[in-house]
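Chemist: Encoded as C-alpha cells, here's the structure I'll be asking about.
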Amino acid sequence: MATMTAPGTTEQLTRSASPARSRGRRNRKIRDNVTGYAFLIGAILCFALFTWYPMIRGIIMSFQRTRRGVTTWVGWDNYTRIIADPSFWPAWRNTVYFTVLALVIGYAVPFFVAILLNELRHAKGYLRVLVYLPVMLPPASALFLFKFYAYDPSDAGLFNAILTFLHLPTSQWMQSPGATMPAMVIASTWMNMGSAVLIYLASLQNIPGELYEAAELDGAGLWRRIWNVTIPQTRLILGLLAMMQIVATMQVFIEPLILANGAGTQDSATTVAYLIYQHGFYQNDLNGAAALGVIILVALAAFSGVYLRLTTKND
Amino acid sequence: MSHNSGTRTLVSQAQLRRGKGKYLYWTLLGLVVAGFTLVFIGPLYWMVTGALKTGQEIAQTPPTLWPRHPDVSNYTNAWSNLNLSKLLFNTFYYAIGAVLFQLVFDTAAAYSLSKLRPVLGNVVLGAMLATLMIPVIVLIVPQYVTVIDLPIVHASLINQPLAIWLPLVANAFNIFLLKRFFDSIPEDLMSAAQVDGAGPLRTLWSIILPMSRPILGVVSIFSVTYVWKDFLWPKLVMPDGSTRTVSVGIVAFSGGSSVNEVIAASVIAAIPTVIIFLIFQRNIMSGLTAGSVKG
Numbered sequence: 002m003a004t005m006t007a008p009g010t011t012e013q014l015t016r017s018a019s020p021a022r023s024r025g026r027r028n029r030k031i032r033d034n035v036t037g038y039a040f041l042i043g044a045i046l047c048f049a050l051f052t053w054y055p056m057i058r059g060i061i062m063s064f065q066r067t068r069r070g071v072t073t074w075v076g077w078d079n080y081t082r083i084i085a086d087p088s089f090w091p092a093w094r095n096t097v098y099f100t101v102l103a104l105v106i107g108y109a110v111p112f113f114v115a116i117l118l119n120e121l122r123h124a125k126g127y128l129r130v131l132v133y134l135p136v137m138l139p140p141a142s143a144l145f146l147f148k149f150y151a152y153d154p155s156d157a158g159l160f161n162a163i164l165t166f167l168h169l170p171t172s173q174w175m176q177s178p179g180a181t182m183p184a185m186v187i188a189s190t191w192m193n194m195g196s197a198v199l200i201y202l203a204s205l206q207n208i209p210g211e212l213y214e215a216a217e218l219d220g221a222g223l224w225r226r227i228w229n230v231t232i233p234q235t236r237l238i239l240g241l242l243a244m245m246q247i248v249a250t251m252q253v254f255i256e257p258l259i260l261a262n263g264a265g266t267q268d269s270a271t272t273v274a275y276l277i278y279q280h281g282f283y284q285n286d287l288n289g290a291a292a293l294g295v296i297i298l299v300a301l302a303a304f305s306g307v308y309l310r311l312t313t314k315n316d
Numbered sequence: 108m109s110h111n112s113g114t115r116t117l118v119s120q121a122q123l124r125r126g127k128g129k130y131l132y133w134t135l136l137g138l139v140v141a142g143f144t145l146v147f148i149g150p151l152y153w154m155v156t157g158a159l160k161t162g163q164e165i166a167q168t169p170p171t172l173w174p175r176h177p178d179v180s181n182y183t184n185a186w187s188n189l190n191l192s193k194l195l196f197n198t199f200y201y202a203i204g205a206v207l208f209q210l211v212f213d214t215a216a217a218y219s220l221s222k223l224r225p226v227l228g229n230v231v232l233g234a235m236l237a238t239l240m241i242p243v244i245v246l247i248v249p250q251y252v253t254v255i256d257l258p259i260v261h262a263s264l265i266n267q268p269l270a271i272w273l274p275l276v277a278n279a280f281n282i283f284l285l286k287r288f289f290d291s292i293p294e295d296l297m298s299a300a301q302v303d304g305a306g307p308l309r310t311l312w313s314i315i316l317p318m319s320r321p322i323l324g325v326v327s328i329f330s331v332t333y334v335w336k337d338f339l340w341p342k343l344v345m346p347d348g349s350t351r352t353v354s355v356g357i358v359a360f361s362g363g364s365s366v367n368e369v370i371a372a373s374v375i376a377a378i379p380t381v382i383i384f385l386i387f388q389r390n391i392m393s394g395l396t397a398g399s400v401k402g
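As given, the protein sequences belong to chains A and H, one line each in that order.
Counting from 2, one number per residue, gives the positions in the first sequence under the working numbering.
Counting from 108, one number per residue, gives the positions in the second sequence under the working numbering.
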C-alpha cells in the first residue's frame with residue numbers, strides 16, 4: 002500500500018532537496034494550529050462542559066440511581082417509573098395538543114400577518130415594531146399580565162369584559178380545564194409571534210414580483226396567488242419555522258408554571274417540560290427527569306426523521 | 108420602505124391606486140394600524156395603568172379605562188418589598204457579564220474557525236452546530252448536575268455569576284453568525300496585515316473587530332435580552348434571594364403579594380428591555396433576519 006509513490010514526483014524532489022525548509026514548514030504548520038486552537042479553547046471548553054458532556058451524562062444518568070451518595074446502575078428502572086407517573090400521559094397529550102393548537106394559531110397567524118404587512122405601503126416600520134414589542138418583554142412579566150388582567154375569571158378580566166361587551170358567554174379561563182390550553186396558546190402566540198412575522202416578511206420580500214404578475218395574467222385570484230405563488234416560494238422558511246415551532250412547543254414550561262400554577266386544574270396544563278422540572282427539582286428525582294429528557298430527545302429525533310422523509314419525498 | 112420604491116407584491120400597485128382599490132387600501136391600513144395598536148400596545152397600557160389603580164377599582168365591572176385616583180403606591184411598594192433595585196442590579200450584572208464572555212470567547216472561536224482554520228476546525232464547528240438540535244429542556248438536568256459539582260475541580264457554581272456566563276458561551280448560533288460575517292471579510296486584508304507583521308491577535312483586534320461592529324452589536328443586544336428574559340436556568344442556579352434575577356424574584360414573590368404589586372413589579376422588570384428595543388430596533392430587526400435562511 003505504501004509503495005505507490007514513484008520516486009521522482011515533485012513532492013519527493015522538494016523534500017529531498019531541502020529537508021531544512023520542509024521541517025520549517027512543518028513547524029510553522031504546528032505553530033499555526035496551536036494558535037488556532039488557542040483562540041478556540043475557551044469556546045471548546047464551554048461546549049464540552051455545558052453541552053457535549055451533559056448530553057452524554059444525561060443518557061448515563063437515565064440508567065442510574067443515586068441513593069445516599071451511592072450511584073448504582075438500574076437499567077430501565079427510571080424509564081418504567083417515569084412512564085408510570087399518572088401525569089406522564091396527560092403531559093404528552095397536553096404537549097401534543099399545545100403543539101397542534103400552536104401550529105393552527107401560532108403558525109398560521111404570523112404568516113398571514115406577514116402577508117398583510119408586506120402588502121401595506123405605509124406605517125410599515127411602526128407595525129413591525131409593534132409586532133416585535135412583546136418578544137422583548139420578560140415572559141414572566143407578560144404572563145402575569147395575562148394571568149391577572151386578561152384571564153381574570155371574574156367579569157372584570159380584560160377578555161371577559163370584551164366577551165360581555167360582545168354579548169358572548171364569558172369563560173373561567175385557567176380555572177376551566179377545557180380553556181386552559183387554548184388560553185396558554187393565545188398568550189404564548191402574543192408573546193412570541195414577532196420573530197416569526199419578521200422572518201416571514203424577509204422571505205416574502207424575496208419573492209420575484211413577476212411571478213405574481215404572471216399568475217394574475219393567468220387569471221389567478223388573491224387566494225390562488227397566495228396558494229400557488231406565496232406558499233411555494235416561502236416553502237423552505239415555512240418548513241424550517243414549523244420545525245423550530247415544534248421543538249419550541251415541546252419545551253413549554255413557563256406558561257403552565259405561571260398561568261396555571263404548574264399542573265393546572267386536573268392536570269390540564271401539565272406539559273412534558275413541566276414534568277421534567279417537577280421530577281428533577283421538586284421530587285428530587287434527577288434520574289427520572291433525565292430519563293424523561295432522553296424520551297423527549299428520541300421522540301423529537303423520530304419526528305424529525307419522519308418529517309424529513311416526508312418533505313424530501315415531495316421534491 | 109417608501110411607497111414608490113416597492114416591488115410588485117401579491118396585489119399590484121396599480122390596483123391599489125385605482126378608485127375602489129385605493130379606498131379599500133386606506134380602510135385596510137387604518138384597520139390594521141388601529142387593530143395592531145390595540146392588540147400589542149393595549150395590554151401594555153392596561154398593565155401600566157392597572158397597577159395605578161386600587162385593588163377595589165381593578166375588581167370592578169365594567170373596568171375603568173383610566174384610573175380614577177392614580178396612585179403610584181403599588182409601584183413604590185413593589186420596589187421596596189421585592190427589593191427590586193437589588194434584583195435589577197443582579198440581572199444587569201449577569202447580562203453585561205454574559206455579553207463580555209460571549210464577545211471574547213465566541214468572537215475568538217469564530218475568528219479561529221473562519222481565518223486561522225486549524226486542523227479539524229470543521230469537525231469542531233459541526234459538533235458545535237449539532238448542539239442546536241438538542242432542546243434546552245433535555246440538557247437542563249445534566250447541566251444542573253454539572254454546575255453543582257464541576258468535573259475534575261469539584262467546585263460548585265451555584266449562586267456564582269459564572270453559572271450564567273459560561274454556559275452562554277456555548278452558543279453555536281452566535282459562533283455561526285460571527286463566522287459567517289468574518290468569512291465575508293476579504294482574505295487580502297488578512298495577508299496585508301500579515302505582511303505588515305501583525306500577529307493573529309493584532310489582526311483580530313485592529314482589522315476584523317472594527318469591521319464587524321454591526322454583528323457584534325447584534326450579538327450583544329441578543330445576549331442582554333436573553334439573560335433578561337431567561338427564567339428556568341437562573342431560577343435553578345441562582346436560588347438565593349440576594350443573587351436572584353428580576354424575573355425569578357417576581358415569580359417567587361407572586362404568591363404572597365397583592366395582584367397590583369406583582370403587576371407593578373412586572374412593569375418595572377420590562378422597562379429595560381423595552382427601552383433597549385426602542386433604541387436598537389433597527390439592529391435587532393436586521394440581526395433577526397441575518398441569521399435566517401433565504402427562502
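For each residue, glycine too, the CB sits at the ideal point set by N, CA and C.
How far does the alpha helix (DSSP H) with H:Arg320 in it extend, from its first residue to its last?
Modeler: First-last of the alpha helix (DSSP H) with H:Arg320: Arg320 to Lys336.
Chemist: By Cβ distance below 8 angstroms, which residues in the same chain neighbour H:Asp295 in space, the five residues on each side in sequence not counted?
Modeler: Taken in chain order, the list of residues that qualify is empty.
Chemist: Below 8 angstroms on the Cβ atoms is my contact criterion, and I expect A:Gln234 with A:Ile208 to pass it. Report the Cβ-Cβ distance as a whole number of Å.
Modeler: About 5 angstroms; that satisfies the 8 angstroms criterion.
Chemist: Taking 6 angstroms as the limit between beta carbons, can you name the residues of its chain near A:Ile106, skipping five residues before and five after?
Modeler: Here the set comprises Val186 and Thr190.
Chemist: Note down the Cα distance separating H:Tyr130 from H:Ile148, rounded to an integer number of angstroms.
Modeler: Computed Cα separation, rounded: 27 angstroms.
Chemist: Check the C-beta distance from H:Phe384 over to A:Leu134 and give it rounded, since I have them as a contact under 8 angstroms.
Modeler: Yes, H:Phe384 and A:Leu134 are in contact; Cβ-Cβ is about 7 angstroms, under 8 angstroms.
Chemist: Taking CB distances under 8 angstroms as the criterion, tell me whether A:Gly25 reaches chain H.
Modeler: Taking Cβ atoms only, chain H never reaches closer than 8 angstroms to A:Gly25, which makes this a no.
Chemist: When DSSP builds the beta bridges, which residues end up paired with A:Arg66?
Modeler: In the DSSP output, where bridge partners are listed per residue, A:Arg66 has A:Thr73.
Chemist: Excluding the 5 residues preceding and the 5 following A:Ala3 in the sequence, name in chain order all residues of the same chain whose CB lies nearer than 6 angstroms to its CB.
Modeler: No answer about A:Ala3 holds up, because its pLDDT of 43 lies below 50 and its placement is not dependable.
Chemist: For A:Ile45 and H:Val231, what's the separation of their Cα atoms in angstroms?
Modeler: Using only the alpha carbons, I get a separation of about 8 angstroms.
Chemist: Within this structure, are the beta carbons of H:Ser219 and A:Leu50 separated by less than 8 angstroms?
Modeler: Result no, Cβ atoms of H:Ser219 and A:Leu50 do not sit closer than 8 angstroms.
Chemist: Leaving out five residues on either side along the sequence, give the residues of the same chain with a beta carbon under 8 angstroms from the beta carbon of H:Tyr251.
Modeler: Correct list, in chain order: Leu343 and Val344.
Chemist: Considering only C-alpha positions, which residue in the set A:Leu239, A:Leu241, A:Met245 and A:Ala274 is nearest to A:Glu256?
Modeler: Residue A:Ala274 is the option with its Cα nearest to A:Glu256.
Chemist: Tell me the residue span of the alpha helix (DSSP H) that contains A:Ile238.
Modeler: Start and end: Arg236 to Thr250.
Chemist: In chain A, what lies closer than 7 angstroms to H:Met67 by C-beta?
Modeler: No information on residue 67 of chain H is available, as it lies outside the stretch 108 to 402 that chain H covers here.
Chemist: Near H:Asn181, what residues of its chain come up, given a Cβ to Cβ distance below 6 angstroms and the 5 sequence neighbours on each side ignored?
Modeler: Here the set comprises Ala158, Asn367, Glu368 and Ala371.
Chemist: Any beta carbon of chain H sitting closer than 8 angstroms to that of A:Gly1?
Modeler: An answer regarding residue 1 of chain A cannot be provided, because it is not within the stretch 2 to 316 covered by chain A.
Chemist: If you measure from the beta carbon of H:Arg124 to each beta carbon in chain A, is any gap under 8 angstroms?
Modeler: No, H:Arg124 lies away from the interface with chain A (no Cβ there is under 8 angstroms from its Cβ).
Chemist: Kindly indicate which residue of A:Phe112, A:Pro91, A:Pro140 and A:Asn229 has the alpha-carbon position closest to the one of H:Ala376.
Modeler: Checking every option, the nearest Cα to that of H:Ala376 belongs to A:Pro140.
Chemist: Please compile the residues from chain A whose C-beta is within a distance smaller than 7 angstroms of the C-beta of H:Ala377.
Modeler: Simply Leu138, Pro139 and Ser142.
Chemist: Flag this pair as yes or no: are the beta carbons of A:Leu138 and H:Leu395 separated by less than 8 angstroms?
Modeler: No, they are not a contact pair.
Chemist: Along the segment 155-166 of chain A, what residues have a CB closer than 9 angstroms to any CB found in chain H?
Modeler: Going along the segment 155-166 of chain A in chain order, one finds Ser155, Asp156, Ala157, Gly158, Leu159, Asn161, Ala162, Thr165 and Phe166 with a Cβ nearer than 9 angstroms to chain H.
Chemist: Quick check on A:Gly176: does DSSP put it in helix, strand or coil?
Modeler: As written in the sequence, residue 176 of chain A is Gln, which differs from the Gly given in the question. In the structure shown, A:Gln176 sits in a helix (DSSP, three-state: H, G or I).
Chemist: I think A:Arg226 touches A:Ala215, with their Cβ atoms under 8 angstroms apart; what is that distance to the nearest whole Å?
Modeler: Not a contact, Cβ separation roughly 10 angstroms.
Chemist: Buried or exposed for H:Trp335, please, with buried defined as at least 16 other CB atoms from any protein chain shown within 10 angstroms of its CB.
Modeler: By the 10 Å Cβ count, H:Trp335 comes out buried.
Chemist: For a cutoff of 8 angstroms on Cβ pairs, would you count A:Ala3 as touching chain H?
Modeler: Residue placement at A:Ala3 cannot be trusted, given a pLDDT of 43 that sits under 50; the coordinates are not used to answer.
Chemist: Does chain A have any CB closer than 8 angstroms to the CB of H:His110?
Modeler: Low confidence applies to H:His110: its pLDDT is 40, below 50, so where it sits in the model is not reliable, and the reading given next is rough at best. Closer than 8 angstroms: yes.
Chemist: How about H:Ile328: is its C-beta nearer than 8 angstroms to some C-beta of chain A?
Modeler: So, not an interface residue.
Chemist: Restricting to Cα atoms, I'd like to know which of A:Ile296, A:Phe113 and A:Asn34 is closest to A:Val194.
Modeler: Contrary to the premise, residue 194 of chain A reads as Met rather than Val in this sequence. Nearest option by C-alpha distance: A:Phe113.
Chemist: So is H:Arg320 buried or exposed if we call it buried at 16+ other beta carbons inside 10 Å?
Modeler: Label assigned to H:Arg320: exposed.
Chemist: Can you name the residues of chain A whose CB is closer than 9 angstroms to the CB of H:Gln267?
Modeler: Those within 9 angstroms of H:Gln267 in chain A number zero; the least Cβ separation is about 14 angstroms.
Chemist: For H:Ala299, tell me which candidate among H:Ser291, H:Thr310, H:Pro341 and H:Asp290 has the shortest Cα-Cα distance.
Modeler: The shortest C-alpha separation from H:Ala299 is found at H:Thr310.
Chemist: What does the Cβ neighbour count give for A:Asn79, buried or exposed, with the cut at 16 atoms within 10 Å?
Modeler: A:Asn79 should be labelled buried.
Chemist: With 16 as the cutoff for other CB atoms within 10 Å, does H:Pro169 come out buried or exposed?
Modeler: Label assigned to H:Pro169: exposed.
Chemist: Output needed for A:Pro178: all residues of its chain with C-beta closer than 6 angstroms, excluding positions within five of it in sequence on either side, in chain order.
Modeler: Excluding sequence neighbours, A:Pro178 sits near Thr266, Gln267 and Ser269.
Chemist: Could you check what DSSP says for A:Ala141 in three-state terms: helix, strand or coil?
Modeler: Helix at A:Ala141.
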